[in-house]
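Have a look at the structure below before the remarks.
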Amino acid sequence: MYIDFFLERFAKNPDNTAMIWRDKEYAYRDILNFVENDQKTLKQAISSSKVVAIEGDFSPRAVSVLLSLIELGCTVVPLTESVAHKKDEFKEIAEVEYVVKISDDDDFVVETTGRTATHEMLTKLKDENHPGLILFSSGSTGKSKAAVHDFLPLLNKFKVERKCMRMVTFLLFDHIGGVNTLLYVLSNTGCIITLQSRRPEYVCDMIEKYHAEVLPTSPTFINLLLISEAYKKYDLSSLKMITYGTEAMPEATLKRLHELFPDVRLLQTYGLSEIGIMRSKSKSSDSLWLKIGGEDFATRVVDGILEIKAKSAMLGYLNAPSPFTADGWFHTGDEVLVDGEYMKILGRQSEMINVGGQKVFPAEVEGVLQEMDGVEDVTVCGEKNPLTGNIVVAKVKLSDGETAAAFKKRMRLFCKDKMESFKIPQKVVLVDHTMYGERFKKLRREA
Numbered sequence: 042m043y044i045d046f047f048l049e050r051f052a053k054n055p056d057n058t059a060m061i062w063r064d065k066e067y068a069y070r071d072i073l074n075f076v077e078n079d080q081k082t083l084k085q086a087i088s089s090s091k092v093v094a095i096e097g098d099f100s101p102r103a104v105s106v107l108l109s110l111i112e113l114g115c116t117v118v119p120l121t122e123s124v125a126h127k128k129d130e131f132k133e134i135a136e137v138e139y140v141v142k143i144s145d146d147d148d149f150v151v152e153t154t155g156r157t158a159t160h161e162m163l164t165k166l167k168d169e170n171h172p173g174l175i176l177f178s179s180g181s182t183g184k185s186k187a188a189v190h191d192f193l194p195l196l197n198k199f200k201v202e203r204k205c206m207r208m209v210t211f212l213l214f215d216h217i218g219g220v221n222t223l224l225y226v227l228s229n230t231g232c233i234i235t236l237q238s239r240r241p242e243y244v245c246d247m248i249e250k251y252h253a254e255v256l257p258t259s260p261t262f263i264n265l266l267l268i269s270e271a272y273k274k275y276d277l278s279s280l281k282m283i284t285y286g287t288e289a290m291p292e293a294t295l296k297r298l299h300e301l302f303p304d305v306r307l308l309q310t311y312g313l314s315e316i317g318i319m320r321s322k323s324k325s326s327d328s329l330w331l332k333i334g335g336e337d338f339a340t341r342v343v344d345g346i347l348e349i350k351a352k353s354a355m356l357g358y359l360n361a362p363s364p365f366t367a368d369g370w371f372h373t374g375d376e377v378l379v380d381g382e383y384m385k386i387l388g389r390q391s392e393m394i395n396v397g398g399q400k401v402f403p404a405e406v407e408g409v410l411q412e413m414d415g416v417e418d419v420t421v422c423g424e425k426n427p428l429t430g431n432i433v434v435a436k437v438k439l440s441d442g443e444t445a446a447a448f449k450k451r452m453r454l455f456c457k458d459k460m461e462s463f464k465i466p467q468k469v470v471l472v473d474h475t476m477y478g479e480r481f482k483k484l485r486r487e488a
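What follows is the structure, given as structure tokens:
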């Protein structure tokens, strides 16, 4: 019923390679067989409309279990090893009733938690016999929030057939971008190229080996790729598109990427756990201006902040107040500039640094500092100051033994003609660790 359109397309293209997992290819006939068998097994172990966690990552069985649970009308809570230290907390917040644990050899077991889900959003989905999806935010700037979706509006956009592509699953199985990548590829009987590591060298190796056409990723990973120069060691000529989102992209990073890959289309995407992924169009491959929207989305800007109304918007949070306005718009918290049809996303209002009444967005400063020789990683945040309200602080990982004082002096000279004086960091802290999370997104407060 809910997944019929997937299964029909799988059956029409049984020989297409559906997935490459641990260097083994699986065809769509294999996925069909898994779904047929797993539906029977899960139906015996789990009654319909239950809240079920999937502990696993992209694999043939994870795909089969996800589709089977959707068909059973269950609310799915994907949990990867990236949240291993929070799994128990997340399962409690989500009122998980069953857990499907996918093993290293891609088999699975079903366990019951003894809980009964009673939250009104979860009972609403049960009463309507609609499948659901619960996604947890990364919590990079605070506590993780549990967003509850009716799965049907998320699935509907994939009923329109689009281009069959070979895509890398860089974004995680429990991330809205990862779910979107998976459903897009499956709905168009393309090929999912799974990753066992997200090191730049390994990702480039998989692109070369399996002729990946699309790499959906984050600006933080792109910066790591550029610093590592791993792209020089591999043939990446199969790449047709690199999409980037999840955080603001530094302009200098984008321009460098475009210079290195002039024939690859660079597309900025926009999406959130709360609303899904929107259709987008960059003004050009080296531009941060983009159009976002589509038939199921509407946008408006209120006091410089982007607000979105979407058919695929979540029902709400399980553990936080509703972020929707009285007239049903989702307040994104992203500050934007507008130029006709196009927008430029400056960054999260919550991360903006107010220096004597002047606005400083971390991504802009980080982008300039990343151009400096010897800078491997940098995050920028604010620190309270009695005179200006805040000062700009840069936490920097260097590739050599340069002192903080020497770097600070060099930084000021480098930045002098590249940004206004109030944006130049007043304080520099040298660190010896990376400052991004499992989702390859900057952790500014925790850096």
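Under this note's numbering, think of the first position of the sequence shown as 42, with each following residue one higher. Built from N, CA and C at the ideal position, the CB exists for glycine as well. On a predicted model such as this, the values are computed, not experimentally measured, just so you know.
Legend entry - Whole-angstrom distance between Pro-260 and Thr-294, CA atom to CA atom: Cα atoms of Thr-294 and Pro-260: separation of roughly 8 Å, rounded to the nearest angstrom.
Inset, instruction - Provide the residue span of the beta strand (DSSP E) that contains Thr-58, from first to last. - result: 58 to 62
Inset, instruction - Could you check if Thr-153 is buried or exposed, using at least 16 other CB atoms within 10 Å of its CB as the buried criterion? - result: exposed
Inset, instruction - Return the residue from the list Lys-436, Ser-88 and Lys-65 that minimises the CA-CA distance to Gly-114. - result: Ser-88
Inset, instruction - Compute the distance between the beta-carbons of Arg-207 and Cys-232, then report whether it is under 8 Å. - result: yes
Legend entry - Start and end residues, beta strand (DSSP E) containing Cys-245: Careful: Cys-245 lies outside any beta strand (DSSP E), inside the alpha helix (DSSP H) at 241 to 251.
Legend entry - Stretch-stretch touch, CB-based, cutoff 8 Å, three pairs: the region 222 to 240 with the region 427 to 438: no
Legend entry - Backbone CA spacing between Leu-410 and Thr-444 [nearest angstrom]: 16 Å
Inset, instruction - Tell me, please, whether the region 143 to 153 touches the region 94 to 103 by the rule of three or more beta-carbon pairs shorter than 8 Å. - result: Verdict: yes, contact present.
Inset, instruction - Starting from the Cα of Lys-449, find the closest Cα among Met-290, Ala-339, Ile-465 and Lys-459 and give me that residue. - result: Ile-465
Legend entry - Three CB pairs or more closer than 8 Å across the region 194 to 211 and the region 458 to 472: By the Cβ rule, the region 194 to 211 does not count as touching the region 458 to 472, because fewer than three pairs are nearer than 8 Å.
Inset, instruction - Using a threshold of 8 Å, state whether the C-beta atoms of Ser-326 and Thr-310 are closer than that. - result: no
Legend entry - DSSP state of Met-208 mapped onto helix, strand, coil: strand
Inset, instruction - Could you please give the first and the last residue of the uninterrupted beta strand (DSSP E) stretch that includes Ile-233? - result: 232 to 234
Inset, instruction - Using the DSSP secondary-structure output, state which residues sit across from Asp-191 in a beta bridge. - result: DSSP links Asp-191 through a beta bridge to Gly-173.
Legend entry - Cα-Cα separation between Pro-241 and Thr-475, rounded to whole angstroms: 14 Å
Legend entry - Selection from Leu-267, Glu-424 and Pro-364 that minimises the alpha carbon distance to His-299: Leu-267
Legend entry - Of the listed residues Lys-167, Met-319 and Arg-306, nearest to Thr-222 (C-alpha basis): Ranking the options by Cα distance to Thr-222, first place goes to Met-319.
Legend entry - At least three beta-carbon pairs within less than 8 Å, the region 272 to 292 to the region 401 to 417: yes
Inset, instruction - Can you grab the Cα-Cα spacing for the pair Phe-463 / Glu-417, in whole Å? - result: 24 Å
Legend entry - First and last residue of the uninterrupted beta strand (DSSP E) at Tyr-285: 282 to 285
Legend entry - Any non-hydrogen atom of the ligand SAH closer than 7 Å to Glu-382 Cβ: As far as ligands go, the structure on display features none, and thus does not contain the ligand SAH.
Legend entry - Reduced DSSP secondary structure (H/G/I, E/B, other) of Glu-392: helix
Legend entry - Trp-370 and Arg-341 closer than 8 Å at C-beta: yes
Inset, instruction - List the whole-angstrom C-beta distance separating Arg-480 from Cys-422, where the pair is believed to meet the contact cut-off of C-beta under 8 Å. - result: Their Cβ separation, rounded to whole angstroms, is 18 Å, which puts Arg-480 and Cys-422 out of contact at 8 Å.
Inset, instruction - Give me the Cβ distance between Gly-173 and Phe-149, rounded to the nearest whole Å; I'm assuming they're in contact under 8 Å. - result: No, Gly-173 and Phe-149 are not in contact; Cβ-Cβ is about 20 Å, not under 8 Å.
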